[in-house]
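For reference, the structure is listed below as structure tokens.
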Amino acid sequence: MGKIILRVKDLEKTYGNTKVVKGVTFDVKRGEIFGILGPNGAGKTTTLEMIETMRPIDSGTAELAGIDVAKKPQKIKQIIGVQPQTAAFEEKTKLTELLAFFASTYGRKVDPLEILEQVQLTEKASSYPESLSGGQRQRFSIATALVNQPEVLFLDEPTTGLDPQSRRNLWDLIRRIRDSGVTIILTTHYMEEAQILCDRVAIMDDGKIIALDTPKKLIADLLSRGFTKEQQVEQADLEDVFIDLTGKELRE
Amino acid sequence: MKKQLLPIFTFAKIDIRRLFRDKVGIFFVFVFPLIFLLVFGGLFGQDRDISFNIALLNQSESEFAAEFEQQLIDNEIFTVNEDVTSLDIAQEDMNRGSLDAVVTLPEGFGEIDPEAGFPRGNVEILYDRGNEQAGVTLGSIMESIFADINAELVPVETPFSVAVEATEIEGLTTLDYIFSGLLGFTILSLGVFGPTTVFPRMKEKGIIRRYHTTPIKVWQYFAGNVLSNSFVGLLAVAVMFIVAVLLFNVNMRGDYLSLAILTIFGTIVLFGVGLAAGGWAKNEMQAAPLANLVAFPMMFLSGVFFPRFLMPEWLQTVSDFLPLTPLIDGLRLIITEGRTLLEIGPELAMLGGWMIIIYAIAFKVFRWE
């Protein structure tokens, strides 16, 4: 970790008369898991989409691996992987075929089984995406974003709608991908997820970043301002109970 | 360049496989046009020999009448129903439609006129008013039979004559004509109804948007789709041909290479129409009415279900400029007249013009989401 791979400066986006991203600035270091947190409508997805070349940047700059996003979108697409919020794929198409197609768009030929193995879906190779469970679909969606061996992987709310087992499984997968050298930028509105998974987080509200640091530092800052929880923190919560009772095994 | 083509071929290969896994797709591409073929084939496929069911009431006892009766029975144009022996029964059969006409040789028919020295007579043909065509045709056939007999009895000079020649004599049926319209319909439904349903649905689910996050370009995505659909179009036309030839003896006068190339060309053009409509529409609510608006006028004006020459002239002129018209005309010229690609230049030029216009629009209006 160390070198900066993504520099975002004063990014803005306006839809009609509403400014949804109002001057966002942050850096992401190579090899980290960077989280963008915030309530719905905070502008997280729009910010990501501008960096992913999916939406034109109204003003400000984004520079990924030294390449200007607005000027060379095709070059950016070659080195990033994107998992959009809703993962949908053409029906009646085998997972291996979909992976082969996604790889072909980068001019690449891949071994689909090898990629499926990374996301523990080898036995589903000949299945169609519509027969996958929620967790499997998210894992497959990540697999399709890995076909070009991206430098940066964007995950938009990867765990929304998953059961606790699948979420934990996905966290492990995201960590493994990071450990293989991929920088990960994700959005979430689960605070606990951000705390466990992310090296650094940016908290967004109303189109602006209002805090940016490691989860530990953000909590320490809050406590140093004299914050105390009303109730004594318990040593376990209901999710711990749930996982203890139902186990960590994936249900799919 | 090879890298640019890779997504096109990969997509096309997967897309073709996908179609064969989709029962609804198979129905609309292969089965639906076949149903039309079976219906029209059943209606028009058997009329190679126009034959009339007639009843013959011979009330004359003359030798000439007996001979004439035999001649009608032997004639291939008529099927003489010998069970009908009275005018009442004949009338009933005509009402039911099982009899086209009654030919009566009245009393005294064919008896020799002592003054003239040859037989005379008047044949009476009775037909149902609802079956005008049969009556008129029968009348003119009878007249031509008598013209021959008359010429033998009373030699006369005929300075003018009419030589009527119908292609029917060469063995073309109504179905041969309609068949090219049905092929056009097959390609139309593949090209227009397919993409206008599929693309908007994929957009709503965000599938096409996901493609946009990859480096694939619009032209590559279009080319992949065009490739798979051309292959499927060719296959659908081949299936129609096999059934039409085996079941209905449809005549193929031209060469199959010209037919295949025109089929692919037509599929590309009509698929462009679907691509433009489906590529523009944000959702199915927008796409379905647009597809109907585009497809139905073509279906009725370009000669799919009935020949264009039945339409008023101004409408024919309008339909000349629809993209389906040159395709159907071209197919017809190849199939029924045995022309080659080189001999259907105007049709190809019209299709080519449409291809440029349609794809220019399709590229312009395409939206990834």
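Top to bottom, those sequences are chains G and P. Read in numbering that gives the first Met the number 0, the first sequence has 133 at position 134, and its numbers run on one by one without any break. Read in numbering that gives the first Met the number 0, the second sequence has 187 at position 188, and its numbers run on one by one without any break. Beta carbons: idealized from backbone N, C-alpha and C, even for Gly.
- Nearest neighbour of residue 92/G by Cα position, chosen from 101/G, 84/G and 85/G, turns out to be 101/G.
- For a Cβ distance threshold of 8 angstroms, residue set 100 and 103 of chain G lies close to residue 10/P, ordered along the chain.
- Proximity of chain P to residue 76/G at the Cβ level (cut-off 8 angstroms) is accounted for by 212, 213 and 214, in chain order.
- For residue 235/P, the CB contacts under 8 angstroms within the same chain, skipping 5 residues up- and downstream, are 28, 29, 32, 185, 186 and 189 in chain order.
- Contact of residue 163/G with chain P by beta-carbon distance below 9 angstroms is absent, the smallest such distance being about 26 angstroms.
- Within chain P, the residues whose beta carbon sits less than 7 angstroms from that of residue 53/G are 211 and 212, listed in sequence order.
- With a contact defined as Cβ atoms closer than 8 angstroms, residue 53/P and residue 100/P qualify at about 5 angstroms.
- Within the region 183-204 of chain P, 201 and 204 place their CB atoms closer than 8 angstroms to a CB of chain G, listed in sequence order.
- Within chain G, 91 have C-beta atoms less than 7 angstroms from the C-beta of residue 20/P, given in sequence order.
- Here the region 104-122 of chain G does not lie against the region 184-198 of chain G, with fewer than 3 beta-carbon pairs under 8 angstroms apart.
- Listed along the chain, the chain G residues whose CB falls inside 7 angstroms of the CB of residue 208/P are 83.
- Out of 300/P, 331/P and 305/P, the CA that lies nearest to the CA of residue 316/P is found in 300/P.
- Per DSSP, the continuous alpha helix (DSSP H) segment holding residue 146/P begins and ends at 131-152.
- For residue 148/G, no alpha helix (DSSP H) run applies, since DSSP gives it neither H nor E.
- Distance from the CA atom of residue 337/P to the CA atom of residue 175/P, rounded to whole angstroms, is 12 angstroms.
- With a threshold of 8 angstroms between beta carbons, residue 366/P makes no contact with chain G.
- 8 angstroms or more divides the Cβ of residue 40/G from the Cβ of residue 10/G.
- Under the three-state reduction of DSSP output, residue 234/G falls in the coil class, being neither helix nor strand.
- Of the candidates 156/P, 87/P and 225/P, 225/P places its Cα closest to the Cα of residue 358/P.
- Out of 166/G, 148/G and 150/G, the CA that lies nearest to the CA of residue 138/G is found in 166/G.
- In this structure residue 186/G is buried. Its beta-carbon is surrounded by 16 or more other beta-carbon atoms within 10 angstroms.
- For residue 193/P, there is no enclosing beta strand (DSSP E); the residue is found in the alpha helix (DSSP H) stretching over 193-204.
- 8 angstroms or more divides the Cβ of residue 343/P from the Cβ of residue 326/P.
- Chain-order list of chain G residues neighbouring residue 13/P: 89, 92, 93, 96, 97, 99 and 100, by C-beta distance under 9 angstroms.
- For the region 275-295 of chain P, the beta-carbon criterion of a distance under 8 angstroms to any beta-carbon of chain G is satisfied by none of its residues.
- Boundaries of the beta strand (DSSP E) around residue 13/G: 3-14.
- Look at the region 32-91 of chain G and you find these whole runs of alpha helix (DSSP H), each 4 residues long or longer: 43-50 and 72-78.
- Rounded to whole angstroms, the separation of the alpha carbons of residue 155/G and residue 198/G is 17 angstroms.
- Straight across, the Cα-Cα distance linking residue 196/G with residue 170/G is about 7 angstroms.
- Chain order gives the chain P residues near residue 73/G as 214 and 216, where near means a beta carbon separation below 9 angstroms.
- For residue 122/P, the three-state secondary structure derived from DSSP is coil.
- Residue 2/P reaches chain G at 106, counting residues in chain order whose Cβ is nearer than 7 angstroms.
- 23/G is the residue among 145/G, 12/G and 23/G whose C-alpha sits nearest the C-alpha of residue 209/G.
- Neighbours of residue 261/P in chain G, taken as residues whose beta carbon is under 8 angstroms from its own, are absent, since the nearest beta carbon is some 30 angstroms off.
- For the 8 angstroms CB-CB criterion, residue 76/G and residue 66/G do not form a contact.
- Take the alpha-carbon of residue 179/P and the one of residue 271/P: they are about 21 angstroms apart.
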